[in-house]
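Presented below is the structure to which this report refers.
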Amino acid sequence: MELYDFDSNHSAFSMVNYISNSQRSVNENLKEVIGVGEAKRVLEWKHTKQFLVPDIKIMELINGVIGSSGFDIKKNNLFYSSYQFGEDMMAKILVEEKYFSFKKTTYFNKVVSLIRPGDHIYGHWLVDILPRLWLLKEKLETVSDVTIILRWNVPSFAVNMIKLLGYKEENIYFKNKDEKILSKISYIVSNFRYNQVFHTHYHKYANHLKKVLEDKIKNEGLIGARSYEKIFLSRKNWRGKGGKKLRSLLNINEVESYLKINGYQVIYPENYTLEEQYLLYSNISTVIAEDGSALHNTIFMGDKVNICCLRSETNMSLIQGALCNVNKQKITYLLGSNVDEGMERMSNYTIDINYLTEFLENNRNK
1 MELYDFDSNH SAFSMVNYIS NSQRSVNENL KEVIGVGEAK RVLEWKHTKQ FLVPDIKIME
61 LINGVIGSSG FDIKKNNLFY SSYQFGEDMM AKILVEEKYF SFKKTTYFNK VVSLIRPGDH
121 IYGHWLVDIL PRLWLLKEKL ETVSDVTIIL RWNVPSFAVN MIKLLGYKEE NIYFKNKDEK
181 ILSKISYIVS NFRYNQVFHT HYHKYANHLK KVLEDKIKNE GLIGARSYEK IFLSRKNWRG
241 KGGKKLRSLL NINEVESYLK INGYQVIYPE NYTLEEQYLL YSNISTVIAE DGSALHNTIF
301 MGDKVNICCL RSETNMSLIQ GALCNVNKQK ITYLLGSNVD EGMERMSNYT IDINYLTEFL
361 ENNRNK
């Protein structure tokens, strides 16, 4: 079995739809980086760098297989996107697929697999997975005969997000790891994100999702939590898969107390539904947040909001900045001191309160 990068070679597929967008893009939304030393300079430089924005494709794989990993397979080729997954990760998945023993085989007519590394994380659903489903629904005449394949233990919020796009729950199938799926047609949809930038169509998906949430709130008479002008999105109580916690702000209690004194409402996003969070952001002027999935909800905020992202000095990702770019929002990065050697982006860190003071002073009355 071999790896087959479908973003580099299309010969194995019948192309259903193709949106050309091969161009260079720059994240031109940096407001400032608060911090010192090389990390500040590197992050500022990365915001001047050009990145390739990929084409978006919907492809048909005829008589394909979905294996233990959830990736599509045909004729000893495991299909993946190098725009999303590195070779080291895919090499491990490939080895597992080669020697996996299945206990069950299930047959479908048309499927789209949404199984992927990180599919237990809200941010990946909002940023990487849901846009693919939206595009499929936009471009196919009907999706009523398409079965959505999910991992057996995917979080319940994922199902709720799928239903927001108009898909029916009866069209969702939960696949066990030891189950092989055979289908006449497998739809493979490109991701909207390539590394540090987004396809220009992403704003159409974001606008659609906002409209869906607005209509749902209006039609169902939903009443959410009180909206605030200034909030701090805290990851203090959040735990990942298996109870793990990475990228922890170690002086979180100090940060929360300081921001409360300065008029910020501390929000723990995991306590709110997506609809409640949408209402929560309706009157927002400034959001400070630890780097993570909850801050991706800036796609629901206006272009005038002040955004400040707290992160380790070794976290050089521009994904949040690229999301802000979609809405023409300016972002400030506030870099904390790394406390874990060799952890890079996932390092735990601390934030100097003086840096927070600098941000508040720079944005007072704005």
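Sequential numbering from 1 applies to the sequence shown in full-length UniProt numbering. We treat Cβ as the ideally placed atom computed from N, Cα and C, and that holds for glycine.
Checklist line | N-terminal and C-terminal residue of the beta strand (DSSP E) that D72 is part of | finding: Working through the sequence shown from its first residue, we reach residue 72 at position 72. First-last of the beta strand (DSSP E) with D72: D72 to K74.
Next item on the list: Kindly list the residues whose CB is nearer than 6 Å to the CB of V197, restricted to its own chain and excluding five residues on each side of it in sequence; keep chain order.
Entry: Stepping through the sequence shown from its first residue, residue 197 is reached at position 197. So the qualifying residues of the chain are S25, F51, V53 and A322.
Check: DSSP state of N77, grouped into three classes?
Finding: Translated into the one-based positions of the sequence shown, residue 77 becomes position 77. In the displayed model, N77 falls within a strand according to three-state DSSP.
Checklist line | Start and end residues, beta strand (DSSP E) containing A289 | finding: Residue mapping note: residue 289 aligns to position 289 of the sequence shown, counting from 1. Where A289 is concerned, the enclosing beta strand (DSSP E) stretches over T286 to E290.
Item checked: Reference S156, options Y122, I188, G86 and Y187, closest by Cα -> Numbered from its first residue, the sequence shown carries residue 156 at position 156. Nearest C-alpha to S156: Y122.
Next item on the list: Let me know the secondary structure DSSP gives M59 once reduced to three states.
Entry: The sequence position of residue 59 within the sequence shown is 59, counting from 1. DSSP, read as helix, strand or coil, puts M59 in strand.
Next item on the list: Pull up the DSSP beta-bridge partners for Q196, would you.
Entry: Taking the sequence shown and counting its residues from 1, one reaches residue 196 at position 196. Bridge pairing for Q196: absent [DSSP].
Margin query: For the beta strand (DSSP E) containing V36, name the first residue and the last one.
Written below: In the sequence shown, residue 36 corresponds to position 36, counting from 1. That residue, V36, is in no beta strand (DSSP E); it is neither H nor E in DSSP.
Next item on the list: Go ahead and pull the three-state DSSP assignment for I353.
Entry: Mapped onto the sequence shown, residue 353 falls at position 353. Reduced to three states, the DSSP call for I353 is helix.
Notebook entry, point to check: Hey, N271 and M301 are a contact pair by Cβ (cut 8 Å); roughly how many whole angstroms apart?
Noted result: By one-based count along the sequence shown, residue 271 stands at place 271. By one-based count along the sequence shown, residue 301 stands at place 301. Between M301 and N271 the Cβ distance is about 19 Å, and since that is not below 8 Å, they are no contact.
Next item on the list: Answer yes if the segment 28 to 35 comes into contact with the segment 329 to 342, meaning at least three C-beta pairs across the two stretches below 8 Å, and no otherwise.
Entry: In short, these stretches touch, since the Cβ pair count reaches three.
Checklist line | Assigned secondary structure, E2 (DSSP; H/G/I helix, E/B strand, else coil) | finding: For the purposes of this step, residue 2 is identified with residue 2 of the sequence shown, where counting begins at 1. E2: strand per DSSP, three-state reduction.
Next item on the list: Could you check the C-alpha separation between I56 and I129 for me, to the nearest Å?
Entry: The residue you call residue 56 lines up with position 56 of the sequence shown. The residue you call residue 129 lines up with position 129 of the sequence shown. Straight-line Cα distance between these residues: approximately 14 Å.
Check: Are D291 and Q329 close, meaning C-beta to C-beta below 7 Å?
Finding: For the purposes of this step, residue 291 is taken as residue 291 along the sequence shown, with counting starting at 1. For the purposes of this step, residue 329 is taken as residue 329 along the sequence shown, with counting starting at 1. No; because the gap between Cβ atoms is not below 7 Å, this pair is not in contact.
Next item on the list: State the Cα-Cα distance for the pair M59 and I148, rounded to the nearest angstrom.
Entry: The residue you call residue 59 lines up with position 59 of the sequence shown. The residue you call residue 148 lines up with position 148 of the sequence shown. For M59 and I148, the distance between alpha carbons rounds to 15 Å.
Note to self: On the criterion of 16 or more Cβ atoms from any shown chain inside 10 Å, does K218 qualify as buried, or is it exposed?
What the structure shows: Locating residue 218 in the sequence shown gives position 218, where the first residue counts as 1. Around the beta carbon of K218, fewer than 16 other beta carbons sit within 10 angstroms, so the residue counts as exposed.
Check: How is the beta strand (DSSP E) around Q84 delimited, first residue to last?
Finding: Position 84 of the sequence shown, counted from the first residue, corresponds to residue 84. First-last for Q84: undefined, no H or E at that position.
Notebook entry, point to check: I319 lies in the alpha helix (DSSP H); which residues open and close that run?
Noted result: In the sequence shown, the residue the question calls residue 319 occupies position 319. In the DSSP annotation of this structure, the continuous segment of the alpha helix (DSSP H) that includes I319 starts and ends at I319 to V326.
Notebook entry, point to check: How about Y83 and F71: do their beta carbons lie closer than 7 Å?
Noted result: The residue given as residue 83 occupies position 83 in the sequence shown. The residue given as residue 71 occupies position 71 in the sequence shown. Judged by their CB atoms, Y83 and F71 are not nearer to each other than the 7 Å cut-off.
Notebook entry, point to check: Of all the options N191, I288, E220 and V212, which has the alpha carbon lying nearest to the alpha carbon of R235?
Noted result: As a working note, residue 235 is residue 235 in the sequence shown. In terms of CA proximity to R235, I288 leads the group N191, I288, E220 and V212.
Item checked: Boundaries of the beta strand (DSSP E) in which E179 is found, first to last residue -> Position 179 of the sequence shown, counted from the first residue, corresponds to residue 179. Looking at the DSSP string, the run of the beta strand (DSSP E) that includes E179 is E179 to V189.
Note to self: Does the distance between the C-beta of K46 and the nearest non-hydrogen atom of the ligand GDP fall short of 6 Å?
What the structure shows: Looking for the ligand GDP in the displayed structure turns up nothing, as the structure carries no ligands at all.
Notebook entry, point to check: Given R311, which residues of its chain have a CB within under 6 Å of its CB, disregarding the five upstream and five downstream residues?
Noted result: As a first step, residue 311 is located in the sequence shown; it is residue number 311 there, counting from the start. Cβ neighbours of R311 beyond the five flanking positions: D291.
Next item on the list: Might you give, ordered along the chain, the residues of its own chain that have their beta carbon closer than 6 Å to the beta carbon of S113, omitting 5 neighbours on each side?
Entry: On the sequence shown, position 113 is the one that residue 113 refers to. Result list for S113: I66, G70 and I149, in chain order.
Notebook entry, point to check: Where does E87 land, buried or exposed, given buried means 16+ other C-beta within 10 angstroms?
Noted result: The residue given as residue 87 occupies position 87 in the sequence shown. The residue in question, E87, is exposed, as its Cβ has fewer than 16 Cβ neighbours within 10 Å.
Note to self: Is it the case that the segment 226 to 233 contacts the segment 276 to 285, given that we only count it when at least three CB pairs across the two stretches are under 8 Å?
What the structure shows: Yes, they touch.
Checklist line | Beta-carbon proximity check, L165 vs L140, cutoff 7 Å | finding: Position 165 of the sequence shown, counted from the first residue, corresponds to residue 165. Position 140 of the sequence shown, counted from the first residue, corresponds to residue 140. Result no, Cβ atoms of L165 and L140 do not sit closer than 7 Å.
Notebook entry, point to check: Does the distance from the C-beta atom of Y194 to that of P131 stay below 7 Å?
Noted result: The residue labelled residue 194 in the question sits at position 194 within the sequence shown. The residue labelled residue 131 in the question sits at position 131 within the sequence shown. No, the Cβ-Cβ distance between Y194 and P131 is not below 7 Å.
Next item on the list: Taking only the alpha-carbon atoms, compute the straight-line gap between L126 and L246 and give it to the nearest angstrom.
Entry: Here residue 126 is taken as the residue at index 126 of the sequence shown, counted from 1. Here residue 246 is taken as the residue at index 246 of the sequence shown, counted from 1. Near 20 Å, if we compare the C-alpha coordinates of L246 and L126.
Check: What residues in its chain sit with their C-beta under 8 Å from that of K184, if we drop five residues either side in the sequence?
Finding: The count along the sequence shown starts at 1 and reaches residue 184 at position 184. Shown here for K184: same chain residues with a beta carbon closer than 8 Å to its own, the five before and five after excluded, namely I62, N63, F108, N109 and K110 in chain order.
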